[in-house]
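Below is one structure, written out as structure tokens; the observations come after it.
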Amino acid sequence: MKIWTDKNYPIIISCAKELSRWTEIEVEDMGYKPIEVTENTVVVRGSMRDVMKLNLNLRTAHRVLVPLLRTTCRNIKELYQAASSIDWENLIEADGYFSVSSIVHNYTIRDTRLPSLYTKDAIADRMREKCQRRPDSGGENKGSAVFVYWERNEVLIYLDTSGEPLSKRGYRKIPGSAPMQETLAAACIMALRWDRKSPFISPMCGSGTPAIEATLMAMNRAPGALKGHFAFQSLKGYTSIIPGESAPNVAPRQRNGATPEQIWKEIVLEAKAKEKTEGIPPVIATDISPEAVENAHSNAISAGVAPYITFKACDFGETDVPQGDTKGVVFFNPEYGIRLGTYEELAPVYSRIGTFMNEKCHGYTGGLITGNPDLARLVDLYYKTRVPFFNGPIDCRLFIYPGCELKGQNIK
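The sequence shown begins at 0 in numbering that gives the first Met the number 0 and counts up by one.
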């Protein structure tokens, strides 16, 4: 594959389980037509320019992958041979750095580290043969990246153009206990259909992820703008001129082509020009732990959104909720009694959440994500729907309460 010049190849966008429906909405909003959607992937067609745009703008995705090889492998030696057949010398800089990650479901593999190690060896050996030298490799997210998916006897080898997962925006310097992943927070906000113009309230804010993600949305700031490096920036040819591509900000008579690096800078500048810094709605984040609030504020500073969020250390019941004509969203991510807390400790908390939403947030759209349906029953509000999500390995539901209205015990 001519990675920089081919214009129409499949681009696989991977995401966490149950997030693909939200990633599909995102890519459609960006003007792409998905050609396939699975439980944890969305596939579109495009070029490296599209790969760049997707990496920069997707809020709910994990990786943006370009397929290189799909083949049958029955054992680790066949994986090595398959990886050796790819023309890595045209994809990876011989003096650069690369990493390999993998997901493996093959009964012959007992040590799940082996596929990544054998793929690294195959790439290094091929590069040494073709270039008389080889790039360094390891587990750091600082160079090119390769991703291997091995299911039974089928292997797919991809260029991972993201490198460090897109869920790691780069702003959460202090995660706190049981932090909510950025992609999950973004998907929950999408599911709550927040209009990005009305108040967003985040009691029990923890490390501040939902409030920060909401503010990034309200500002129309691309989530990838916070990242320092994407793996596509280390691919061979990133600084070379692409025939037929126009260089940005250059008079037509002076154009002699553009490099991928120039195209990337142009895409980033276009996204920056669309950002908003005025008219940002109230975003309020509270937590009973002063340390959690301090950490959330530090993370908001790293994200560049701290001036737009009001932080307060208090019990969630004391959260200030704007009571004007415009009602927004109130979102709770309480403990589930799985990793933290017990049912006995959390039962009165969930009951109080329902009371708080009904009494202080009436007219707002309420949202509560939990992996404990028994505790969710205690909220005792009318819910419109339960949206399935996974918080790590925990099967969760986002309960959506339109208007935060009471309606007794209604969860089945």
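All C-beta atoms, glycine included, are put in the ideal place defined by N, C-alpha and C.
Note that the structure is a prediction, hence the values are computed from the model and not measured.
Count the other CB atoms, across all protein chains shown, that sit within 10 Å of the CB of lysine 226; report buried if there are 16 or more and exposed otherwise.
Result: buried.
Cβ pair glycine 431, histidine 61 closer than 9 Å:
The structure shown does not extend to residue 431, since the chain is modelled only from 0 through 411, so no value can be given for it.
Give the straight-line distance between the Cα atoms of methionine 189 and leucine 155, rounded to the nearest whole angstrom.
Distance from the CA of methionine 189 to the CA of leucine 155, rounded to the nearest whole angstrom, comes to 31 Å.
Taking contact to mean at least 3 C-beta pairs separated by less than 8 Å, is the region 313 to 320 in contact with the region 284 to 298?
Segments in contact, yes.
What distance in whole Å lies between the Cβ atoms of valine 304 and leucine 165, which are believed to be in contact at a cut-off of 8 Å?
A Cβ-Cβ distance of about 18 Å is found for the pair leucine 165 and valine 304, leaving them out of contact under the 8 Å criterion.
To the nearest angstrom, how far is it from the Cα of leucine 374 to the Cα of threonine 341?
A straight-line Cα-Cα distance of about 10 Å links leucine 374 and threonine 341.
Residue closest to leucine 57, alpha-carbon to alpha-carbon, out of Pro66, Asp135, Ser19
The shortest C-alpha separation from leucine 57 is found at Ser19.
Unbroken stretches of the beta strand (DSSP E), 3 residues or longer, contained in the region 361 to 406:
Qualifying beta strand (DSSP E) stretches, in chain order: 364 to 369, 384 to 390, 393 to 401.
Roughly how many whole angstroms lie between the Cα atoms of phenylalanine 310 and glycine 278?
Approximately 19 Å between the Cα atoms of the pair.
Could you say which of Lys129, Glu153, Gly391 lies nearest to tyrosine 106 if we only look at CA atoms?
Ranking Lys129, Glu153, Gly391 by Cα distance to tyrosine 106 puts Glu153 first.
At which residue ranges does the region 199 to 283 contain complete alpha helix (DSSP H) runs of 4 or more residues, listed in the order of the chain?
Those alpha helix (DSSP H) runs which fall completely within the region 199 to 283 and span 4+ residues are 208 to 218, 259 to 272.
Under the three-state DSSP convention, the category valine 320 falls into:
Three-state result, valine 320: coil.
If we ignore side chains and look at the alpha-carbon of each, how far apart do serine 13 and serine 46 end up?
Straight-line Cα distance between these residues: approximately 17 Å.
At least three beta-carbon pairs within less than 8 Å, the region 87 to 100 to the region 121 to 131:
Segments in contact, yes.
Determine whether the beta carbon atoms of serine 195 and alanine 213 lie at a separation below 9 Å.
Sequence inspection shows arginine at residue 195; the serine mentioned does not correspond to that position. The answer is yes: Cβ separation under 9 Å.
Along the alpha helix (DSSP H) that carries valine 304, what are the first and last residues, could you check?
Per DSSP, valine 304 belongs to no alpha helix (DSSP H) and is neither H nor E.
Using 9 Å as the threshold, is the C-beta distance between arginine 376 and proline 387 below it?
No, these two residues do not count as a Cβ contact at 9 Å.
Taking only runs that begin and end inside the region 60 to 93, name each unbroken alpha helix (DSSP H) of 4 or more residues, in chain order.
With a minimum length of 4 residues, the unbroken runs of alpha helix (DSSP H) contained wholly in the region 60 to 93 fall at 75 to 83.
Is valine 328 closer than 9 Å to glycine 362 when the C-beta atoms are compared?
Contact flag unset, no.
Let me check one thing: in DSSP terms, what residues is tryptophan 149 bridge-paired to?
Tryptophan 149 is bridged to Val103, Val154.
For the alpha helix (DSSP H) containing serine 115, name the first residue and the last one.
Bounds of the alpha helix (DSSP H) holding serine 115 are 113 to 130.
Quick one: what does DSSP say arginine 351 is sitting in, helix, strand or coil?
Helix at arginine 351.
Would you mind giving the Cβ-Cβ distance between asparagine 262 and arginine 48, rounded to the nearest angstrom? I have them listed as a contact below 8 Å.
Position check: residue 262 holds isoleucine in this sequence, whereas asparagine was assumed. Going by Cβ atoms, the distance from isoleucine 262 to arginine 48 rounds to 6 Å, so yes, they are a contact pair.
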